[in-house]
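In this note's numbering, the protein residues as written are 327 to 987.
Beta carbons are placed, not taken as given, at the ideal position from N, Cα and C, and that holds for glycine.
Working notes, beginning with the structure itself.
The structure is reproduced here in C-alpha cells:
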C-alpha cells in the first residue's frame, strides 16, 4: 500500500544489445472518497428539530456538502469547507408525518463525489388541548375538565395547574390520549382564572394548552325540606331548611303568613337549619311558612311552604306496600310516615288481623320500616294495621244523654287526684296528658261526668305507659363495611330521647374532625371527600351531647378505595347540577366518551351502596337510569354512575342531589 501523496513512477527498458532507456511519470495517490450520515440512526423515529450529523473520509481540498430530502431538487442544507464533518439542525415541523429519506452528496476539491442515505420516520408533533370547558366559559360548582393530546408516544403525563400555581390541581399518567377531571370550584375566588395544562410523553416531549374561564359563585337557593308542600300538621312540627351556594355566614329567617316578627331566626356557617314549630297557638286552617336566607355577601333567597294546621290525632300513612290488595310473600317491609305526632318518642305496633307482630320506637316522622314474616300466614287476604302512640297522650272524653248544663268532666289516674277537669256546654272534651308523670307499667284513666241535673256517669280506660329509651345515635349512611371513594354523604340520626340543642361531632379514625354543628336537629347529613385519607380501612366516629350533658356515640367501619385513573369520560346531564332536589323516581341521563367498542356496563350507587339493576348497552348516550328515592332519608346524597367497557376501561361521575319526598 502506497501512502497518500505525491509519488514518481520510473520505467527502465534494456534491449538485447544492452542498451537501456528510462521514463519518469509524477502522480498523486488519493484513497476513495466516502460519505456517511452518522445521526439520526437508520430507521429512527424523529420529531421536532433533529440534529443531522454528516461525515466524509479521503476527501481533498474544499469539501462541498449537499443534503436533500426525498430526492427534492432544492437542498435542505448545503455548505463548503475543509472540515471532514458537518451538521445541520433539521426542523421536521413542516414535514408530513411518515417515512422519509435523507440523501447526502459530498464533493471534494478534486471533483470526486460520494453519497449516503438515511431512512427515518417523522412522527407527528405532540400537541395538547382542553376541549372543555370552552374558552371564556362561566362555570360554577363541580366542572368536568376534559383534556386531550395528539402525537404522543409511550406513557403520557398530564399536569393541570390553576393560575400558575406550584401545586397541580390534577395530575395523572397513562397511555390514553385523553384525561378528565371534576374540578370543584367551590373554593375558588369568583372571577377570571386560567387552567394551564402540560402534557409530557414517553419521549420527554412536552406540549401545553391554556383555557381561560370565569368562575361564578353558585346561585344562592333556599328550600324548606320539611314539612312537605300541602302537609296537614299539628302539635310540634320539625321545620327543616337548607340552602346551596351560600358563602360566609348564613342568616335564616322564618316567618308565618308574612308576619313582621319571625317565628325563628339563626345564623351560622352550616348549610342546613331546623326548628321545632309549636302549632298549638296557631289557628286551624291554611298557613304559609316563608323562609329568607341571606349569605355573607348579602345575597338573598326565599322559599315558601303551604301547610294546613289541624290539631288532633296522629295521622298514619302506609306508603309501602303501596295499595290495598298487594300480593306479598316472604318477609314484607312496611314503610310508614306520620303527621301531627308530638315531639319525642313514638311507639309503633304492626298487627296482622288484630295480632301484634312487630313493634318499634323512633323519634322520626318517617320513613319508618317494620318487617312482617308472612311465611307462617295462610294464603289469602289479611289486614295489616299500624298503630302509633306519641309521648303526649291525647285523652278524648265524651258524654251522651246529658240533661242540662254545665257538663263537668273530671279525669284522674289510678284513682288519685284529678289531673284534668272542665265544665261547659260541650258534650266532649280533650286533654293532653303527659304520660311521663307516671311510672312505666299498667295504669287506669278514671273519668267522671256530671250533667246539669246532678246525674253522674263513670268510664275507665286501661293503658300501659312505656318510657322512651335513652338518647342514642346511629349512622344511616354509609352502610357498615361499605367500600367508598370520591365524595360521599355521611348521615346520622338520634334514637330515643335527648333534649335540644344537640352538639354533633364526627371524626375519622377518632382523630381528625370532619364535621361539627350545634342545633335542634336530630339528624345530620354532610358531604365528605374521601381523598383526604389514604386507601384502606377507616372508622367514622360520631358523638352527640344534648343540653343536659347526656352523651351518645357510634362507630361506622368503612374501607376507602379510590378508583384507578379513569379512561372513560362520564357526564351526567340530568339532573343538570349538583344540589338538584329530587323525589319519587328520578331518571339520570348519562353520556360517555372514549369507551372501547362493544358492551358497556353502567352501575348506579348512592352513598357508596349499589342501587337498581346495572344497565348494559353499546351506546355512548343518552343512557337513562332510574333511582327510586322512596325509602331514602330526606337530605343530601351522592349518586355515582360507574362505567366499565369491553376492554376493562373505567370511568365515573358523581352528582350530589337533595332528596325531598
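What span of residues does the beta strand (DSSP E) with residue 438 cover, start to end? Under the DSSP assignment, residue 438 falls outside any beta strand (DSSP E); it carries neither an H nor an E label.
Please classify residue 978 as buried or exposed, where buried requires at least 16 neighbouring CB atoms within 10 angstroms. By the 16-neighbour rule on beta-carbons within 10 angstroms, residue 978 is buried.
Quick check on residue 732: buried or exposed, where buried means 16 or more other Cβ atoms within 10 Å of its Cβ? Exposure of residue 732 is indicated by the presence of fewer than 16 other C-beta atoms within 10 angstroms of its C-beta.
Consult DSSP for residue 862 and reduce its assignment to one of helix, strand or coil. Residue 862 falls in the strand class under three-state DSSP.
Straight-line gap, residue 825 to residue 956 (C-alpha atoms, nearest Å): Cα to Cα, the separation comes out at about 29 angstroms.
What residue range does the beta strand (DSSP E) around residue 877 cover? Here the beta strand (DSSP E) through residue 877 covers 877-886.
From residue 514 to residue 541, what does the alpha carbon distance come to, in whole angstroms? Residue 514 and residue 541: Cα-Cα distance of roughly 7 angstroms.
Coil, strand or helix - residue 985 by DSSP: It is a strand residue.
Proximity to residue 933 [Cα-Cα], best of 970, 820, 805 and 887: Put simply, of 970, 820, 805 and 887 the residue whose alpha carbon is nearest the alpha carbon of residue 933 is 805.
Quick check for students: name the residue ranges of the beta strand (DSSP E) that lie wholly in the region 740-818, counting only runs of 3 or more. Inside the region 740-818, DSSP marks whole beta strand (DSSP E) runs of 3 or more residues at positions 744-750, 754-760, 767-776, 782-791 and 798-803, from first to last along the chain.
Same chain, Cβ closer than 8 angstroms to residue 976, neighbours up to 5 away in sequence not counted: Cβ-Cβ distances below 8 angstroms link residue 976 to 889, 890, 892, 893, 894, 968, 969 and 970 in the same chain, with the five nearest sequence neighbours on each side left out; the list follows chain order.
Would you identify the three-state DSSP class for residue 972, choosing helix, strand or coil? In this structure, residue 972 counts as coil in the three-state DSSP scheme.
Start and end residues, beta strand (DSSP E) containing residue 894: Where residue 894 is concerned, there is no enclosing beta strand (DSSP E), given that its DSSP letter is neither H nor E.
Apart from the five residues just before and just after residue 797, which ones in its own chain have a Cβ nearer than 8 angstroms to its Cβ? So the qualifying residues of the chain are 820, 821, 822, 823, 824, 870, 872, 876 and 878.
Label residue 338 either buried or exposed according to how many other C-beta atoms from any shown protein chain fall within 10 Å of its C-beta, with 16 as the threshold for buried. When all chains shown are included, residue 338 counts as exposed.
Based on Cα-Cα distance, which residue from 461, 613, 848 and 548 lies nearest to residue 689? Answer by Cα proximity: 848.
The region 674-685 / the region 645-653 touching (three or more Cβ pairs under 8 angstroms): Segments in contact, no.
Relative to the alpha-carbon of residue 574, which residue among 672, 595 and 534 has its alpha-carbon at the smallest distance? It is 595.
How is the beta strand (DSSP E) around residue 613 delimited, first residue to last? Residue 613 -> beta strand (DSSP E) spans 611-620.
When the Cα atoms are used, what is the spatial distance from residue 455 to residue 525? Linking residue 455 to residue 525 through their CA atoms gives a straight-line distance of about 9 angstroms.
My output table needs one value for residue 492: the three-state DSSP class, helix, strand or coil. Correct three-state label for residue 492: coil.
Distance between residue 550 and residue 987 (C-alpha atoms, nearest Å): Their backbone Cα atoms lie some 12 angstroms apart in a straight line.
Name the one or two DSSP bridge partners that residue 478 has. Partner(s): none; residue 478 has no beta bridge.
Under 9 angstroms between C-beta atoms of residue 370 and residue 446: Yes. Within cutoff.
Based on the DSSP secondary-structure assignment, which residues constitute the bridge partners of residue 697? In the DSSP output, where bridge partners are listed per residue, residue 697 has 659.
Quick test of your reading: residue 393 and residue 372, contact by CB under 8 angstroms. State the CB separation rounded to the nearest angstrom. Not confirmed; about 14 angstroms, so no contact.
Locate the beta strand (DSSP E) running through residue 580, then write down its first and last residues. That run of the beta strand (DSSP E) goes 576-582.
To the nearest angstrom, how far is the alpha carbon of residue 660 from that of residue 694? Straight-line Cα distance between these residues: approximately 8 angstroms.
So, under 8 angstroms CB-CB, residue 808 and residue 935 are touching, yes? Tell me the CB distance rounded to an integer number of Å. 6 angstroms between Cβ atoms; contact.
Rank 376, 420 and 389 by C-alpha distance to the C-alpha of residue 414 and give the top, closest one. The closest CA to that of residue 414, considering only 376, 420 and 389, is found on 376.
Since residue 926 and residue 943 should fall inside the 8 angstroms C-beta cutoff, what is the C-beta to C-beta distance between them, to a whole number of angstroms? With a contact defined as Cβ atoms closer than 8 angstroms, residue 926 and residue 943 qualify at about 6 angstroms.
Proximity of residue 865 and residue 882 at Cβ, strictly below 9 angstroms: With respect to residue 882, residue 865 sits close: the two C-beta atoms are nearer than 9 angstroms.
Suppose the cutoff is 7 angstroms on Cβ atoms and the five residues either side in sequence are ignored; what does the same chain contact list for residue 842 look like? Correct list, in chain order: 830 and 831.
Measuring CB atoms only, is the region 487-497 touching the region 525-536, in the sense that at least three cross pairs come out at less than 8 angstroms? Taking 8 angstroms as the limit for Cβ pairs, the verdict is that the region 525-536 does not touch the region 487-497.
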